[in-house]
Structure formats: C-alpha cells, structure tokens
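To start, the structure itself, in structure tokens.
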Amino acid sequence: MKGVESMAEYLAVSHLKPGQRGRVVRLQTAEGKHIHKLTAFGLFPGAVVELEQTYPAFVLRLDRSRLAVDREIAGIILVNPIDG
Numbered sequence: 001m002k003g004v005e006s007m008a009e010y011l012a013v014s015h016l017k018p019g020q021r022g023r024v025v026r027l028q029t030a031e032g033k034h035i036h037k038l039t040a041f042g043l044f045p046g047a048v049v050e051l052e053q054t055y056p057a058f059v060l061r062l063d064r065s066r067l068a069v070d071r072e073i074a075g076i077i078l079v080n081p082i083d084g
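Residue numbers (the UniProt record's numbering): 1 to 84.
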C-alpha cells in the first residue's frame, strides 16, 4: 500500500553496528515512563541517532549529546537505518 511503511525496514537500535546511524521511527513500548524519559533527552520520531558503542551499555549520539541505555531500552527504539 502506498503511504504505509513496512515494519521490515525498521531496526531496533540494539541491532545497529557501532558507527551506524538511523532516524527514529517510533518508541515501541507500552510504558509511558520510558517514552517520557527518552523524549526528554531528544529521542523522538524524526531524530537522527548514531550508535557509538554496544558494551557495557549502548551509547547513542543525538546531535551534540550522548545517551547511554541498556539492552532493553535499545530494543524499543526503532529506527530506519541511514546509509553513509
């Protein structure tokens, strides 16, 4: 269908490789507390993130900030990978 995006093209941040970037598509969680905290840090649909490291925590670069999250949170942040 035109205008409907396929979930198959989205990846959780936890599946990106270090150095890979993605545009946030949605935060896939029923828990409002997670959404509130993440959006307060600037992580919302349309934001571009870069995965800097995966261990011991997932470190995301957002514009001029860095955010460290655990595997569970990295798994609910869905992105559309950006080439290059």
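C-beta: ideal position from N, C-alpha, C; glycine also. Keep in mind that this is a model prediction, so the values were computed, not measured.
Asked	Found
For arginine 64, does the three-state DSSP call read helix, strand or coil?	coil
Give every residue of the same chain whose Cβ lies closer than 8 Å to the Cβ of glutamine 53, excluding the five residues on either side of it in the sequence, and list them in chain order.	Pro18 and Val59
Give me, in chain order, the residues of the same chain whose beta-carbon lies closer than 8 Å to that of threonine 29; leave out the 5 immediate sequence neighbours on both sides.	Ile35 and Ile76
Given a threshold of 16 other Cβ atoms within 10 Å of its Cβ, counted over all protein chains shown, does glycine 46 qualify as buried or as exposed?	exposed
State yes or no: is the C-beta of valine 69 within less than 8 Å of the C-beta of tyrosine 10?	no
From the DSSP secondary-structure annotation, give me the bridge partner or partners of alanine 12.	Leu78
Smallest Cα separation from methionine 44: which of Val24, Ala74 and Ser14?	Note on identity: in this sequence residue 44 is phenylalanine, with methionine being the wrong assignment. Closest by alpha carbon: Val24.
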